[in-house]
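With the sequence shown counted from 1, adding 18 to any position gets you my numbering. So the structure is just underneath, and the comments pick up after that.
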Amino acid sequence: MNDNPYTGSSFDDFLSEEGLYEEGLYEECSAMPSASYAIAIKRVIARQLEEEMKRQNLTKTEMAKQMQTSRAQLDRLLDPEKTGVSIETITRAASVVGRQLRIELV
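So, in structure tokens, the structure goes:
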């Protein structure tokens, strides 16, 4: 039985799928350029949001409206290369699709 209360793939699984995984990533995090690591994290967030939007048949226009933001801001949020998105914006998006943002230092 899986004791993990969280569903979905792990960050390591995602990095493996994207060809970005390195064994011992967390231990070697300081050696990875911060921009690359930020992009990898942003890819996970963008992918999860897009999957949830698709599952709920939620268009980008409707998602932006429910977030009380512009469609352009939502596009920046969903763009994995654009890492300068606020935690507030990510939290609002997560809330719209019925999810929560969880951040932890490891």
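C-beta atoms are modelled at their ideal positions from N, C-alpha and C, and glycine is treated no differently.
Problem set entry | Cβ-based burial, L123 [other Cβ within 10 Å; buried from 16] | Under a 10 Å Cβ-count criterion, L123 is classified as exposed, with fewer than 16 other Cβ atoms of the shown protein chains found around its own Cβ.
Exercise. Does DSSP classify K100 as helix, strand or coil?
Worked result: When DSSP states are grouped into helix, strand and coil, K100 belongs to the coil group.
Problem set entry | Burial state of L96, where buried means 16 or more other Cβ atoms lie within 10 Å | Classification for L96: buried.
For this session: Drop a sphere of 10 angstroms on the beta-carbon of R61, count the other beta-carbons inside from all chains shown, and report buried for 16 or more, exposed for fewer.
Result: R61 should be labelled buried.
Exercise. Nearest to A112 by alpha carbon, out of S54, E35, L76?
Worked result: In this structure, L76 is the residue among S54, E35, L76 with its C-alpha nearest to the C-alpha of A112.
For this session: List the endpoints of the continuous alpha helix (DSSP H) containing S88.
Result: Where S88 is concerned, there is no enclosing alpha helix (DSSP H), given that its DSSP letter is neither H nor E.
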